[in-house]
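Every position in the sequence shown, counted from 1, becomes a number in the numbering used here once 237 is added. Beta carbons: idealized from backbone N, C-alpha and C, even for Gly. Below you'll find the structure, written out as structure tokens, and then a few comments.
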Amino acid sequence: MKFNRILFGASALVLASPALAKDAPRVQPVQIDPSRPDWENPAVFARGKLPAHATGFPFESRAAALAGDQARSARFLSLDGTWKFALSPSSDATPAGFEQPGYDVASWADIKVPADWQAQGFDQARYNNITYPFPANRPLIPHATNPVGSYRRDVTLPAGWSGQDVILHIGAAGSAYDVWVNGNKVGYSEDSKLPSEFDVTRFVTPGHNTIAIQIHRWSDGSYLEDQDFWRASGIEREVYLMAAPKTRVNDIFVHAGLDAAYRDGALSADLSVSPSAKPVTARMTLLDGDRTLLVRAQAVAAGSTGRTVTLAAPVPGVKPWSAETPNLYTLLIELVGADGSVIQATPQRIGFRTVEMKNGLVSVNGKPIVIRGVNRHEHDPETFHVISEASMRRDIELMKRANINAVRTSHYPNDPRWYALADEYGLYVMDEADIESHAYMDYANNHQDERAKYQIGFDPAWKDAHVSRVANMVERDKNHPSIIFWSMGNEAGIGPNFAAAAKAAKTRDPGRLISYLGWGTWPGVSDHRPNDYADIYAPMYDSAEKLADYATNWNFKQPVIECEYAHMMGNSGGDLKEYWDVIYAHPDKLQGGFLWDWVDQSMYRYTKDGRRYWGDGSEYGPNPGGEIEFGDGLLQSDRTPNPALYEVRKVYAPIQFEGFDPVSGRVTLRNRHDFRDLSGFAFDWEVQEDGVAVAHGTLPSLTTAAHATDTVTIPLGGIARKPGSEYFVTVRAVAKPGAVPLVPTGYVVGWEQFALGERQMTAATPAGGPAVAVRQAADAITLSAADATLTIDRKTGLVRSYARAGTLLASGGAPHFWRAVTDNDIGIGTDRQLAVWKTMSETRTVRGVTRVDSPDGGAAVRIDYDLGDGAARFQSIYTMARDGAVTVTGALDPVRGDLPPPFRVGFAFALPTDITTAEWYGRGPHESYVDRKTSAPIGLWRGPIAAQNHDYIRPQETGNKVDVRWMELSGAGRGLRVAGDTPLMMNVLAFPYADLDRHTPGTWKSTDVVPHDQVTLLVDGAQWGVGGDTQWSDVGKPLPKYRVPLAPTHVTFRMAGFAGKGTTPDKAHEATATTGED
238 MKFNRILFGA SALVLASPAL AKDAPRVQPV QIDPSRPDWE NPAVFARGKL PAHATGFPFE
298 SRAAALAGDQ ARSARFLSLD GTWKFALSPS SDATPAGFEQ PGYDVASWAD IKVPADWQAQ
358 GFDQARYNNI TYPFPANRPL IPHATNPVGS YRRDVTLPAG WSGQDVILHI GAAGSAYDVW
418 VNGNKVGYSE DSKLPSEFDV TRFVTPGHNT IAIQIHRWSD GSYLEDQDFW RASGIEREVY
478 LMAAPKTRVN DIFVHAGLDA AYRDGALSAD LSVSPSAKPV TARMTLLDGD RTLLVRAQAV
538 AAGSTGRTVT LAAPVPGVKP WSAETPNLYT LLIELVGADG SVIQATPQRI GFRTVEMKNG
598 LVSVNGKPIV IRGVNRHEHD PETFHVISEA SMRRDIELMK RANINAVRTS HYPNDPRWYA
658 LADEYGLYVM DEADIESHAY MDYANNHQDE RAKYQIGFDP AWKDAHVSRV ANMVERDKNH
718 PSIIFWSMGN EAGIGPNFAA AAKAAKTRDP GRLISYLGWG TWPGVSDHRP NDYADIYAPM
778 YDSAEKLADY ATNWNFKQPV IECEYAHMMG NSGGDLKEYW DVIYAHPDKL QGGFLWDWVD
838 QSMYRYTKDG RRYWGDGSEY GPNPGGEIEF GDGLLQSDRT PNPALYEVRK VYAPIQFEGF
898 DPVSGRVTLR NRHDFRDLSG FAFDWEVQED GVAVAHGTLP SLTTAAHATD TVTIPLGGIA
958 RKPGSEYFVT VRAVAKPGAV PLVPTGYVVG WEQFALGERQ MTAATPAGGP AVAVRQAADA
1018 ITLSAADATL TIDRKTGLVR SYARAGTLLA SGGAPHFWRA VTDNDIGIGT DRQLAVWKTM
1078 SETRTVRGVT RVDSPDGGAA VRIDYDLGDG AARFQSIYTM ARDGAVTVTG ALDPVRGDLP
1138 PPFRVGFAFA LPTDITTAEW YGRGPHESYV DRKTSAPIGL WRGPIAAQNH DYIRPQETGN
1198 KVDVRWMELS GAGRGLRVAG DTPLMMNVLA FPYADLDRHT PGTWKSTDVV PHDQVTLLVD
1258 GAQWGVGGDT QWSDVGKPLP KYRVPLAPTH VTFRMAGFAG KGTTPDKAHE ATATTGED
């Protein structure tokens, strides 16, 4: 649906794209003009709204409340479903009078609610990062290019609702909207990610009613919603009417902490009770499952004003809540009439826990915690921002299985169901206000002497808007035990508006901590900028080196929890282990962080023949977010893992193994949980010989306390070790039934692999048979032995053919110094810095092709290349032995010292397309790189060649395997074996490697990367890691130890043909691009 339908004013108009805010935002805000519409007045962000309150519903009975299904309540009427809809191209061309019941909307389109209208075929979705999707001239919005969606729905009120107040609930819509009932203006609201409620009692009538909502795509509120995500519009969360009793509890604030000894619970509930003509009783009941633990009640006298009633009680011996032990209780709040009848019953799921700063660290229930977190946008590949509960539950399931224990709701309050699931299954939450003014922040960061002029946080006209967004978030979410931080927003600068917002949050809820950065990123290793109104220092994208600098600088007292780190754009996730080595080395100051981020923001798109691919912003028109802003998730948008997820799972493991002694078999086990012992886990081990399991067993049950270590012994004495074989032992911690929510029994929570000493090499037996025959022609040299032939082209220096029994196995063998650039390579500029090596890979000059004598009856051919007019040289030598095997040696000699380093040093071969299966002994099953390999154990792996590449949103380098001892590529009854005396990097792909090269945005998708023409085999002695600390600065490059130096570099391996399926096809484990380590 590339067209943009306009349902009001024209039948099929294409919206004009507004000018993009690429230039400096307006420095001096315009004078606030009360005559302008509400959606251009920052002083107006709500009219007619009821005060924000905790999530809850006024059920009509105790039984209904405990069942907890508001959809089945007699007081609930869903307005989700089909509405009539018209989209106007501008804010000055809206349908006048459409809110009146008599206005005929029969010809209007139907639209689903909830839904972003761009997902329903209306208007153009946009993906923006930093740049506003309109000229930045706060608080003004261009009228001509501001689409407006008008919604209408008729509804019949249930007969039993008379005598009660009727409340209209809109879960989230934006960016700004007006509401009418039966033609009467009810109210106005901004903040696209929080609910609004309106008392419509005086506007509704028994029976038929008309509800109208008009949404402005852009408003002054959009200046505070400049997040790095899809800019989509509409009603994004549920809409309903509810009947509320005249006398009711409007709000509940539950305080469920622990006493000073962290043993017993301290429970209180502040109830905001409406005015009442008759006395009532407020009652709270605490239940553990079906068991009543306590009941407290208090009489509430009749009165003409509302009042706050507090019910409190100690709760001895509670089961505390933490992300590791998410123990929940049900608190039932009731209002009871004088006759004992229940007027209202509202349940709250609560957890007893205390959040505080203790000994300078973020502590839960008296113990410092470590945040193994991730940022999460609400994203669906079909519906943009409208997320189903099933999708939320799947996200949490995958997080728990990846050892993630915390989520930052980047960068806005999420659907309320998300927090309930986090409560239930155990995730710490940093709840973030819907505030980001990134463009103004960036511009001010570049003009720091005039910061107060640029950043909205300094503008008093916007103070109340900032405070309101934070305060309303706090009110809605305050009863969720999972939330331990309130975040004031993201990348919106600093200023007194944020100090006021933080004060408001802390005043209302002193039982949680405040987080906010506001600065963005700063390059200096020692440039640290904590805010005094935050409890923690939450920088973004500080390197491991910078974290260590902060941790060892005693001028800084706040603990560090990075709000964003390790930018997972495309093929990324390098040096994650190095990050956590530093974090674990400084437990007195460093407490973890939130990875960026959880899920790619790609969309389902389809080719003309129906094949699905990942659509990015280029599919939807101009994309000011850049070419590669969409794919920085640990998951693809359909929740298929990206390979970096496996690395996160490994590094985040709360059970780790270290200090292995290969002689005694002793290994130290470290419990990195913050609360639980290890009684919920079983432990086993396996020894493999050359990748094949030869022994296994279980270890004793352990009750190792949190943060403690134990030593276990693996019985290795009975394992005979063969000369020439290699041995590894893998030890694992697996979940027992119910040990970790949503994690199945037997699931591997943590593991490590250790070598059992050095490999005992044996002398190779010289090949027998006749000496290698050499045939020299004017255009080629051919070596022949046994049933193998190798032909080298004299002009190109490449292998014309390496064949066995007359059947082609491989050709090519081009020296290879370049890789298909990753998103990080592009964003950082490494592709441009190293571009000369692409040229030298493609335009090498052959200086000579020479036959070289070889001992033991072999023969060799040497090829000498000049690269870049003599800037470097490369020498290839192919040596055939009597058995037809070929040893390949490559040597790079950089002549000029001013060259940049190469991306890789190796060879590229082409294999026939009927070679379809790869088997290898090395790291697997998924792709690995020198700085992202800890999650890939050494083993024996086998899988389809066509399944070895990962379909990143933008095709790029993929499929590499490191520490490969040998690889066999087979099909049609024969194959090619490639092996090295030292571990190699290998990559086998079912298409030419050039298919992964960078193309013009929008012209080359994952569906264009399909098996064809050839199988590509890359054999490298060295290649850069993927990096990824950032994606826009040199900090994001791989660490120096993971780069290829500009120095003489060698690579050597052997090739040989074979008949059949390979060496051990029945013993290898399955391997594809998305196979984890289980």
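Burial state of residue i, where buried means 16 or more other Cβ atoms lie within 10 Å
i	result
residue 900	exposed
residue 326	buried
residue 990	buried
residue 365	buried
residue 725	buried
residue 844	exposed
residue 272	exposed
residue 848	exposed
residue 488	buried
residue 895	exposed
residue 933	exposed
residue 790	exposed
residue 1012	exposed
residue 244	Note that residue 244 has pLDDT 37, beneath the 50 cutoff, so the model's placement of it is unreliable and the number below is only indicative. Residue 244 should be labelled buried.
Contacting residues, own chain, Cβ-Cβ under 6 Å from residue i (five flanking each side not counted)
i	result
residue 1178	1157, 1161, 1162, 1305, 1306 and 1308
residue 666	644, 659, 719 and 720
residue 1016	1031
residue 459	412
residue 766	756
residue 1257	1141, 1143 and 1222
residue 1081	1102 and 1104
residue 810	881, 884, 1169 and 1265
For residue i, the residue or residues it bridges with in DSSP
i	result
residue 612	645
residue 933	923
residue 235	The requested residue 235 is not part of the displayed model; the chain covers only 238 to 1315.
residue 365	466
residue 1111	1102 and 1129
residue 1249	1251
Own chain residues within Cβ distance below 8 Å of residue i, not counting five before or after
i	result
residue 638	886, 979, 980 and 984
residue 1065	1264, 1267, 1268, 1269, 1270, 1271, 1273 and 1274
residue 705	282, 283 and 428
residue 700	733, 734 and 737
Cut-off 7 Å between Cβ atoms - residues of its own chain near residue i, not counting five sequence neighbours on either side
i	result
residue 1324	Given a span of 238 to 1315 for the chain in the structure shown, any question on residue 1324 remains unanswerable.
residue 711	723, 742, 745 and 746
residue 1164	880, 1187, 1195, 1196, 1197, 1198 and 1310
residue 818	none
residue 1290	1125, 1215, 1216, 1217, 1221 and 1256
residue 1312	1162 and 1163
The ligand GTP heavy atom lying under 6 Å from the CB of residue i
i	result
residue 480	Within the structure as shown, the ligand GTP is missing, as the structure has no ligands at all.
Subject >> 3-residue-minimum beta strand (DSSP E) runs that sit fully inside the segment 503 to 561, ordered along the chain >> reply: 517 to 525, 528 to 537 and 544 to 552
Original post:
What are the uninterrupted segments assigned as alpha helix (DSSP H) that are 4 or more residues long and contained completely in the segment 623 to 694, given in chain order?
Top reply: 626 to 638, 653 to 662, 675 to 682 and 688 to 691
**OP:** Could you tell me whether the segment 418 to 428 touches the segment 438 to 453, using the rule of 3 or more Cβ pairs below 8 Å?
**Re:** Enough Cβ pairs lie closer than 8 Å, so yes.
**OP:** Could you say if the segment 298 to 318 and the segment 479 to 489 meet the contact criterion of at least three C-beta pairs nearer than 8 Å?
**Re:** yes
**OP:** Please determine if the segment 1275 to 1294 and the segment 1125 to 1138 are in contact, where contact requires at least 3 C-beta pairs separated by less than 8 Å.
**Re:** Remark: three or more beta-carbon pairs, one from each stretch, lie closer than 8 Å, so the segment 1275 to 1294 and the segment 1125 to 1138 are flagged as touching.
Original post:
Can we say the segment 536 to 552 touches the segment 508 to 524, given the rule of at least three CB pairs closer than 8 Å?
Top reply: yes
Original post:
Are the segment 597 to 614 and the segment 908 to 919 touching by the rule of at least three beta carbon pairs closer than 8 Å?
Top reply: yes
Subject >> Whole alpha helix (DSSP H) elements within the segment 794 to 877, 4-residue minimum >> reply: 813 to 822, all fully within the segment 794 to 877.
Original post:
Are the segment 922 to 941 and the segment 961 to 968 touching by the rule of at least three beta carbon pairs closer than 8 Å?
Top reply: The way I'd put it, the segment 922 to 941 does touch the segment 961 to 968; three or more beta-carbon pairs between them come closer than 8 Å.
**OP:** Kindly confirm or deny that the segment 555 to 573 and the segment 516 to 535 touch, where touching means at least three C-beta pairs closer than 8 Å.
**Re:** yes
Original post:
Is the segment 376 to 394 touching the segment 323 to 339 in the sense that three or more CB pairs, one from each, lie closer than 8 Å?
Top reply: yes
Subject >> the segment 350 to 364 in contact with the segment 621 to 628 per 3-pair CB rule at 8 Å >> reply: yes
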